[in-house]
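Reading through the structure tokens given below for one structure.
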Amino acid sequence: MASRFSSPSRPMAQIAEVEVSNDGAVRVRRVVCAVDCGTVVNPDTVQAQIQSAIVFGITAALYSEITLKDGRVEQTNFDTYQVLRMNEAPAIEVHIIQNSEPPGGMGEPGTSAIVPAVTNAIFAATGKRLRSLPIDTTLLKFPS
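In my numbering, the protein residues as written are 2 to 145.
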């Protein structure tokens, strides 16, 4: 498990629970997020924004390698760019801190907090510190 704060303007903490198989495959099982975003006008929208940002961030951490060939990006659409599928999505809990501060935007903070939470959870599970993205699962393989 690990946590990360996303920005001083939108304090957020995320904890990721991961599973790393013997072949190095990573599965994010659960994410718990606490966010202080000021006065909340629509809590369902805040929750949905954070959930989607977490899924987008996990996609970046696990799959989002962009490759070039002859000066062109090889990934042209979702058939050549892998995204986190519904059956891979973790359980996500969002806890919104209630206060009377002015409301603010919730566009990106959830994305920036999940990647360090996932990589720190991988370190806690394996003892291996990852320094580049997307996660290279060959570095996580356990000896047979």
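Quick reminder that beta carbons are idealized off the backbone N, C-alpha and C, glycines included.
- Cβ neighbours of residue 100 within its own chain (closer than 8 Å, five residues either side excluded): 37, 39 and 40.
- Listed in chain order, the non-local C-beta contacts of residue 64 below 6 Å within the same chain comprise 83 and 135, local neighbours out to five positions each way being set aside.
- Per DSSP, residue 55 is not a residue of any beta strand (DSSP E); the alpha helix (DSSP H) it occupies stretches across 44–63.
- Going by DSSP, residue 125 is part of the alpha helix (DSSP H) stretching over 110–127.
- For residue 81, the CB contacts under 7 Å within the same chain, skipping 5 residues up- and downstream, are 75 in chain order.
- Ranked by Cα distance from residue 109, the options 124, 30 and 51 are led by 51.
- Of the candidates 15, 16 and 30, 30 places its Cα closest to the Cα of residue 22.
- Here residue 20 is exposed: its Cβ has fewer than 16 other Cβ atoms, across all protein chains shown, within 10 Å.
- Counting of Cβ neighbours within 10 angstroms places residue 106 among the exposed residues, the total staying below 16.
- In this structure, the CA atom of residue 26 is about 21 Å from the CA atom of residue 33.
- Distance from the CA of residue 114 to the CA of residue 120, rounded to the nearest whole angstrom, comes to 11 Å.
- Of the candidates 126, 133 and 132, 126 places its Cα closest to the Cα of residue 143.
- Put simply, the backbone Cα of residue 18 is about 12 Å away from that of residue 116.
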